[in-house]
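Numbering of the sequence shown is given in the numbering used here, commencing with residue 327 and proceeding in unit increments. Glycine included, C-beta positions come from ideal geometry on N, C-alpha and C. See structure below.
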Amino acid sequence: MEPTFWQERWALNQIGFHLPQVNPYLQRHWPHLSLEEGAKVLVPLCGKSLDLMWLASQGLRVMGVELSEQAVEAFFSEQGLAPRITQRGGFKVYQADLIELWCGDFFALEGEVLAGCDALYDRAALIALPPLMRARYAEHLNRMLPSGCQ
Numbered sequence: 327m328e329p330t331f332w333q334e335r336w337a338l339n340q341i342g343f344h345l346p347q348v349n350p351y352l353q354r355h356w357p358h359l360s361l362e363e364g365a366k367v368l369v370p371l372c373g374k375s376l377d378l379m380w381l382a383s384q385g386l387r388v389m390g391v392e393l394s395e396q397a398v399e400a401f402f403s404e405q406g407l408a409p410r411i412t413q414r415g416g417f418k419v420y421q422a423d424l425i426e427l428w429c430g431d432f433f434a435l436e437g438e439v440l441a442g443c444d445a446l447y448d449r450a451a452l453i454a455l456p457p458l459m460r461a462r463y464a465e466h467l468n469r470m471l472p473s474g475c476q
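Here is the structure:
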């Protein structure tokens, strides 16, 4: 799957995968992880998910990764947040309050960026990828995430 596929989906507003509310399963099951306030959560292929705001409202530091700059900018605009924007390697990083969104290719993300990552939240990233890319995605996470990450 080429990055242009996702860029076009966002450009044409073909984002049927975007939920207009926080995922109820996240709200129901996330508290069972018993994470400390300030824990760092990785959200791959995050789009403009409202789940990001919910996680931050729980006192968690949220690190989303998203290919589409349009999605990232829409997230901050729709949430009324004015992010600080910096460049980190091949990523444009948008940060406001407890939310940091890395705009770029998830597969280019390097492990040291995830040092101190306490948890992973994947609502639909795995299934959004074609079957042949799913193993690569799982292997990349396995290599990057620190031991003990939930």
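What does DSSP give as the partner residue(s) for Cys443 in the beta ladder?
Here residue 443 refers to the residue found at position 117 of the sequence shown. Note: Cys443 sits in a beta bridge opposite Lys366.
Are Phe432 and His466 touching if we call contact CB-CB under 9 Å?
Your numbering for residue 432 matches position 106 in the sequence shown. Your numbering for residue 466 matches position 140 in the sequence shown. It is a contact, given that the beta carbons lie within the stated cut-off.
Is it buried or exposed, Ile425, if we count other Cβ atoms within 10 angstroms and call 16 or more buried?
By one-based count along the sequence shown, residue 425 stands at place 99. Its Cβ being crowded by 16 or more others within 10 Å, Ile425 is buried.
Enumerate in chain order the residues of its own chain whose CB-to-CB distance from Leu352 is below 6 Å, with the five nearest sequence positions on each side excluded.
One-based indexing of the sequence shown puts residue 352 at position 26. Correct list, in chain order: Asp377.
Determine the closest residue to Ile411 out of Gln405, Glu404, Glu399, with distance taken between C-alpha atoms.
On the sequence shown, position 85 is the one that residue 411 refers to. Of the candidates Gln405, Glu404, Glu399, the one whose C-alpha sits nearest the C-alpha of Ile411 is Glu399.
Rounded to whole angstroms, how far is the Cβ of Gly373 from the Cβ of Glu395, which I believe are closer than 8 Å?
On the sequence shown, residue 373 is found 47 positions in, with the first residue counted as 1. On the sequence shown, residue 395 is found 69 positions in, with the first residue counted as 1. Gly373 to Glu395, Cβ: 12 Å. No contact.
Residues that DSSP places opposite Gly390 in a beta bridge
In the sequence shown, counting from the first residue as 1, residue 390 sits at position 64. Answer by DSSP bridge pairing, in chain order: Val369, Leu427.
Close Cβ partners of Glu363 (< 6 Å) along its chain, the five nearest in sequence each way excluded:
To locate residue 363, count along the sequence shown from 1; it is residue 37. Gly385, listed in sequence order.
From the DSSP output, in three-state form, read off Gln333 for me.
Within the sequence shown, the letter at position 7 stands for residue 333. Residue state, collapsed to three classes: helix.
Quick one: using the 10 Å Cβ neighbour count with 16 as the cut-off for buried, is Asp273 buried or exposed?
Given a span of 327 to 476 for the chain in the structure shown, any question on residue 273 remains unanswerable.
What is the C-beta distance between Leu435 and Met470, in whole angstroms, given that I count them as a contact (C-beta under 8 Å)?
Taking the first residue of the sequence shown as position 1, residue 435 is located at position 109. Taking the first residue of the sequence shown as position 1, residue 470 is located at position 144. Leu435 to Met470, Cβ: 7 Å. Contact.
Complete beta strand (DSSP E) runs within the segment 391 to 417 (minimum length 3 residues, chain order)
410 to 414
Out of Asp444, Leu446, Tyr463, Ala445, point me to the one whose CA is closest to Ile453's CA.
Along the sequence shown, one-based indexing puts residue 453 at 127. Among Asp444, Leu446, Tyr463, Ala445, the Cα nearest to that of Ile453 is on Tyr463.
Once you ignore the five residues that flank Met379 on each side, which residues in its own chain have a CB closer than 7 Å to its CB?
As a first step, residue 379 is located in the sequence shown; it is residue number 53 there, counting from the start. Once the five neighbours on either side are set aside, the close Cβ partners of Met379 are Gln405.
How far does the alpha helix (DSSP H) with Ala451 in it reach, from first residue to last?
On the sequence shown, residue 451 is found 125 positions in, with the first residue counted as 1. That run of the alpha helix (DSSP H) goes 451 to 454.
Applying the 10 Å Cβ sphere with the 16-neighbour rule, what's the burial state of Pro456?
By 1-based counting over the sequence shown, the position of residue 456 is 130. Per the 10 Å Cβ criterion, exposed.
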